[in-house]
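**Student:** Quick note on UniProt numbering: the sequence shown kicks off at 1 and runs consecutively. All C-beta atoms, glycine included, are put in the ideal place defined by N, C-alpha and C.
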Amino acid sequence: MLKKLKLLGIVFLALISTFVFLNADEGKPKVIRIAGVGNQYGKPYAGGVWGVVQTKQLLETEFAKDGIKIEWNILKGTGPAINEAIANKTVDFTSYGDLPAIVGIAGGLPIKIVAGSGGGQNVYIIAPADSTIKSLEELKGKRVGFLKGTYLQLTFGKVIAARGWTEKDFKVYNLGQADGIAAVAAKSIDAYVAASNGLDQATLGVAKIIYDTRQDPYDWRGSAAYVVTEDFAKKYPDITKRILKQIVIASHWASQPENRKEYLQISAKSGSSITNLTADLGNDSLKDRSSPLLNAAYRKQIQEGIDFSKANNIIRKAANVDDWIDDSYLNAALQELGLEDYWQ
């Protein structure tokens, strides 16, 4: 009798262990649905480190042996469109700007920030080529367009806040990149807050740059985040860790000075010229721009974005950035690759 009870106990423990294991990682997904930020050019390529991951097919190679398909979706509607896709449960993992991540999480999207992405993103405030406006001071009170809910709005907000202004000091139009640039060309707005594609419009002669952030403090400029849905991470923690490993590999590759030329070529696939991408990068270190770290500096910048968004009624509730971050996958990847101190 004692032996039977002992055997039943062993079987019970084995079943419990199996149950816990399956709950920790429910096998493997058939597909990993990846989103990236698009632009007015409509090219099916992500930019920055995410573009390196995509172009070099790092995820496809990593998961080929598992029979897992990688599905990329580069959304022209940028961050707000990605948030909508997450809400509709059609995206598992993405990289996008700081403000869309802030708006998404503050709005209740079940996602976690698992790595930093693409700091130092500039904005270019462009006006019609023959406009008499030459400065922000001359732009005050006039018609300005930008896509709300993107890093462009947050960075523009920081720039004007430094001058004691708010969005209420302008006639604001919520316009996507293609519509905003078209509105500048048609002179139906006085200026548009663009990403690096603003340089392209100046090169083409259809617009002129009246202000950009290349000389501004680094933390005024856009940062970004890699996020995963909580459901995906809960079901597939090992898969999530492996995705992060490939992001770290791509970040390390992009950080190497000898890869600068190829990195710019990859980024140019999204539509901008290499010349203008080089001008946008300026003297910035690709190592700094490519850092995936969720360190104190990164957290401070995101927290400032949260506080700014709350103060300006972009989000309703205050929040602590630490509650939004899960750095366990990143830390595991950094340790496995021996890169814990590389971006310090």
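Hey, how far is the Cα of tryptophan 324 from the Cα of aspartate 231?
**Tutor:** Walking along the sequence shown from the start, residue 324 turns up at place 324. Walking along the sequence shown from the start, residue 231 turns up at place 231. If I take the Cα positions, the gap works out to 15 Å.
**Student:** Excluding sequence positions up to five away, which residues of its chain have a Cβ less than 8 Å from the Cβ of residue 345?
**Tutor:** With the chain covering only 1 through 344, there is no way to say anything about residue 345.
**Student:** What number of angstroms, rounded off, separates the C-alpha of threonine 90 from the C-alpha of arginine 33?
**Tutor:** The residue you call residue 90 lines up with position 90 of the sequence shown. The residue you call residue 33 lines up with position 33 of the sequence shown. Each residue's alpha carbon lies about 7 Å from the other.
**Student:** Okay, do the segment 209-223 and the segment 55-63 touch, 3+ Cβ pairs below 8 Å being the bar?
**Tutor:** These segments do not touch.
**Student:** Grouping DSSP H, G and I as helix and E and B as strand, with all else coil, what is glutamine 335?
**Tutor:** For the purposes of this step, residue 335 is taken as residue 335 along the sequence shown, with counting starting at 1. Residue state, collapsed to three classes: helix.
**Student:** For the putative contact between isoleucine 68 and proline 29, defined by C-beta atoms under 8 Å, what is the C-beta separation to the nearest angstrom?
**Tutor:** To locate residue 68, count along the sequence shown from 1; it is residue 68. To locate residue 29, count along the sequence shown from 1; it is residue 29. About 6 Å; that satisfies the 8 Å criterion.
**Student:** CB-CB under 8 Å to arginine 242, same chain, minus the five flanking residues each way: which ones, in chain order?
**Tutor:** On the sequence shown, residue 242 is found 242 positions in, with the first residue counted as 1. Here the set comprises Glu62 and Phe63.
**Student:** Does DSSP put glutamate 71 in a helix, a strand or coil?
**Tutor:** In the sequence shown, residue 71 corresponds to position 71, counting from 1. If DSSP states are grouped into helix, strand and coil, glutamate 71 belongs with the strands.
**Student:** Looking only at its chain, what residues have a beta carbon closer than 6 Å to the beta carbon of alanine 332, apart from the 5 residues adjacent to it on each side?
**Tutor:** For the purposes of this step, residue 332 is identified with residue 332 of the sequence shown, where counting begins at 1. Only Lys241 meet the Cβ criterion.
**Student:** By how many angstroms is the C-alpha of valine 52 removed from the C-alpha of leucine 339?
**Tutor:** By 1-based counting over the sequence shown, the position of residue 339 is 339. By 1-based counting over the sequence shown, the position of residue 52 is 52. Cα to Cα, leucine 339 sits roughly 18 Å from valine 52.
**Student:** On the three-state DSSP scale, how would you describe isoleucine 315?
**Tutor:** Position 315 of the sequence shown, counting from 1, holds the residue named residue 315. DSSP places isoleucine 315 in coil when its eight states are reduced to three.
**Student:** Is aspartate 130 near leucine 199, with beta carbons less than 8 Å apart?
**Tutor:** Residue 130 sits at position 130 when you count from the first residue of the sequence shown. Residue 199 sits at position 199 when you count from the first residue of the sequence shown. It is not a contact, given that the beta carbons lie outside the stated cut-off.
**Student:** On the DSSP bridge list, what partners appear for serine 117?
**Tutor:** Your numbering for residue 117 matches position 117 in the sequence shown. According to DSSP, which records beta bridges pairwise, serine 117 is partnered with Ala224.
**Student:** To which residues of the same chain is alanine 319 closer than 7 Å at the C-beta, ignoring the five residues directly before and after it?
**Tutor:** The residue labelled residue 319 in the question sits at position 319 within the sequence shown. For alanine 319, where only same-chain residues beyond five positions count, the Cβ hits under 7 Å are Ala106 and Ile306.
**Student:** Under a three-way DSSP split, which group does lysine 300 fall into?
**Tutor:** Your numbering for residue 300 matches position 300 in the sequence shown. Looking at lysine 300 - three-state DSSP - the assignment turns out to be helix.
**Student:** Look at the Cβ atom of valine 114, then the Cβ atom of tyrosine 226, and state whether they are nearer than 8 Å.
**Tutor:** By one-based count along the sequence shown, residue 114 stands at place 114. By one-based count along the sequence shown, residue 226 stands at place 226. Yes.
**Student:** Who are the Cβ neighbours of lysine 269 in its own chain at under 7 Å, not counting the five residues just before and after it?
**Tutor:** What you label residue 269 is simply residue 269 of the sequence shown in a count that begins at 1. Cβ within range, chain order: Lys43, Tyr45, Gly51 and Thr55.
**Student:** Roughly how many angstroms separate the alpha carbons of leucine 139 and alanine 207, rounded to a whole number?
**Tutor:** Stepping through the sequence shown from its first residue, residue 139 is reached at position 139. Stepping through the sequence shown from its first residue, residue 207 is reached at position 207. Computed Cα separation, rounded: 15 Å.
**Student:** State buried or exposed for lysine 300, treating a residue as buried only when at least 16 other CB atoms are found within 10 Å of its CB.
**Tutor:** In the sequence shown, the residue the question calls residue 300 occupies position 300. Burial call: exposed.
**Student:** Please give me, in chain order, every unbroken run of the beta strand (DSSP E) with length at least 3 that falls completely inside the segment 114-165.
**Tutor:** The segment 114-165 contains these whole beta strand (DSSP E) runs: 124-128 and 143-146.
**Student:** Under the three-state reduction of DSSP, which class applies to serine 267: helix, strand or coil?
**Tutor:** Residue 267 sits at position 267 when you count from the first residue of the sequence shown. In the structure shown, serine 267 sits in a helix (DSSP, three-state: H, G or I).
**Student:** Which whole-angstrom value describes the C-beta separation of isoleucine 314 and valine 123, a residue pair presumed to lie in contact below a C-beta threshold of 8 Å?
**Tutor:** Residue mapping note: residue 314 aligns to position 314 of the sequence shown, counting from 1. Residue mapping note: residue 123 aligns to position 123 of the sequence shown, counting from 1. Isoleucine 314 to valine 123, Cβ: 16 Å. No contact.
**Student:** Work out the CA separation of glycine 149 and proline 217 for me, nearest whole Å.
**Tutor:** On the sequence shown, residue 217 is found 217 positions in, with the first residue counted as 1. On the sequence shown, residue 149 is found 149 positions in, with the first residue counted as 1. Taking the straight line joining both Cα atoms gives about 21 Å.
**Student:** Going by DSSP, what residue range makes up the alpha helix (DSSP H) through valine 184?
**Tutor:** Position 184 of the sequence shown, counted from the start, is the residue given in the question as residue 184. Where valine 184 is concerned, the enclosing alpha helix (DSSP H) stretches over 177-185.
**Student:** Report the rounded CA-to-CA distance for glycine 271 versus alanine 35, giving the unit in angstroms.
**Tutor:** Position 271 of the sequence shown holds residue 271. Position 35 of the sequence shown holds residue 35. Cα-Cα distance, rounded: 17 Å.
**Student:** Could you compute how far the alpha carbon of asparagine 276 sits from the alpha carbon of glycine 27?
**Tutor:** Position 276 of the sequence shown, counted from the start, is the residue given in the question as residue 276. Position 27 of the sequence shown, counted from the start, is the residue given in the question as residue 27. Between asparagine 276 and glycine 27, the C-alpha separation is close to 45 Å.
**Student:** What is the rounded straight-line gap between the Cα of isoleucine 74 and the Cα of leucine 337?
**Tutor:** As a working note, residue 74 is residue 74 in the sequence shown. As a working note, residue 337 is residue 337 in the sequence shown. Cα to Cα, isoleucine 74 sits roughly 29 Å from leucine 337.
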